[in-house]
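The structure appears right after this line, and notes come after that.
Residue numbers (my numbering): 3 to 298.
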């Protein structure tokens, strides 16, 4: 199989790999995090004073949260998306945990699927997770209760599961102490949410988390490309890349490149992307750019 027949040929950018990286273009994942924190600031600014009636969480939170009876008010269907950008005004840990997870795992997923596809995936995952929570509330006769749901957890769960499906052997250091493969961490998270969903006294929307995880599984197994379902004229501006120092390297034949890429991919499968040398990363970057050029 030739290099240009493969599906891995994408712009290789080290800033999109899992972990902490400084510099480089700002990713969609980072933009989502910044936007969500901006919304959270609006929530805080519109929150009621201490001692306000229970259930009054402020104008922004009340208007854009998802409720158990939203479908009885069709003009509020936007809540199936907007709830995913809200977080509890009384718990900073809520938004901090979600956004840290999105930032850590989202950049690698974005690097795998591209900016536009990643953004589309995240938004659809939020809607799917919200619909899952709503359906579970209806089946458990909670739909008529004055309950609300907010938070990016459903979308973040989808990103985490998609990360684990694409990079199952990537080692994660949970709390910097417990190393484990990504697939093990994903199984633990899903198992925890299953137990939470079975607990009728739980106030955590575990069914939304499971909905996001299930959507990620469907997306991965079916090989969906959500951006193909969007209008053809929809486009997304790419940030200007900083000028980089270019180092001249001798041109290599396509067969040599194929052989080198095959060896690098084998190394990634066995040892993970963190095992690559600087030269190996350069080879992947050049091969990806050549693939993109030939497709144009």
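All C-beta atoms, glycine included, are put in the ideal place defined by N, C-alpha and C. Since the structure is predicted, the reported quantities are computational estimates derived from the model, not experimental observations.
- Annotated three-state conformation of residue 88 is coil, per DSSP.
- Taking residue 208 as the centre and dropping the five residues before and after it, the same chain places the C-beta of 195, 198, 199 closer than 7 Å to its C-beta, in chain order.
- For residue 150, the three-state secondary structure derived from DSSP is strand.
- In its chain, beyond the 5 residues on either side, 30, 31, 108, 111, 112 have a beta carbon closer than 8 Å to the beta carbon of residue 120.
- Following the DSSP letters along the chain, one finds residue 175 inside the beta strand (DSSP E) bounded by residues 173-176.
- At least 8 Å separates the beta-carbon of residue 221 from that of residue 162.
- Counting along the chain, residue 80 sits inside no beta strand (DSSP E), nor does DSSP assign it H or E at all.
- A direct Cα-to-Cα measurement between residue 169 and residue 153 gives close to 26 Å.
- When the Cα atoms are used, residue 212 and residue 156 turn out to be separated by approximately 7 Å.
- For the pair residue 132 and residue 68, the CB atoms are nearer than the 8 Å cut-off.
- If the five residues before and after residue 138 are omitted, its C-beta is found closer than 7 Å to the C-beta atoms of 209, all from its own chain and listed in chain order.
- Within the same chain, Cβ atoms closer than 8 Å to the Cβ of residue 266 are found at 278, 282, 285, 286, the five residues on either side in sequence being excluded.
- Taking the C-beta atoms as reference points, residue 86 is found nearer than 8 Å to residue 128.
- Within the same chain, 45, 46, 49, 59, 60, 63 come within 7 Å of residue 91 by CB-CB distance, once the 5 residues on both sides are set aside.
- Taking 8 Å as the cut-off, the beta carbon of residue 174 is found closer than this to the beta carbon of residue 187.
- Residue 44 carries a helical assignment under DSSP once its states are collapsed to helix, strand and coil.
- Residue 183 sits close to residue 171, with the two beta carbons spaced by under 8 Å.
- Judged by DSSP in its simplified three-state form, residue 181 adopts strand.
- Comparing C-alpha distances from residue 136 to each of 160, 73, 116 shows the shortest one belongs to 73.
- Taking residue 192 as reference, the option from 269, 229, 215, 88 with the minimal CA-CA separation is 215.
- Note that the C-beta distance between residue 158 and residue 228 is not below 8 Å.
- Distances from the CA of residue 98 to each of 185, 43, 179 were compared; the closest alpha carbon is that of 43.
- The DSSP-derived three-state label of residue 68 is strand.
- A direct Cα-to-Cα measurement between residue 117 and residue 140 gives close to 35 Å.
- Rounded to the nearest whole angstrom, the CA to CA distance from residue 263 to residue 134 is 41 Å.
- DSSP, read as helix, strand or coil, puts residue 75 in coil.
- If you draw a straight line from the Cα of residue 217 to the Cα of residue 226, it is about 11 Å long.
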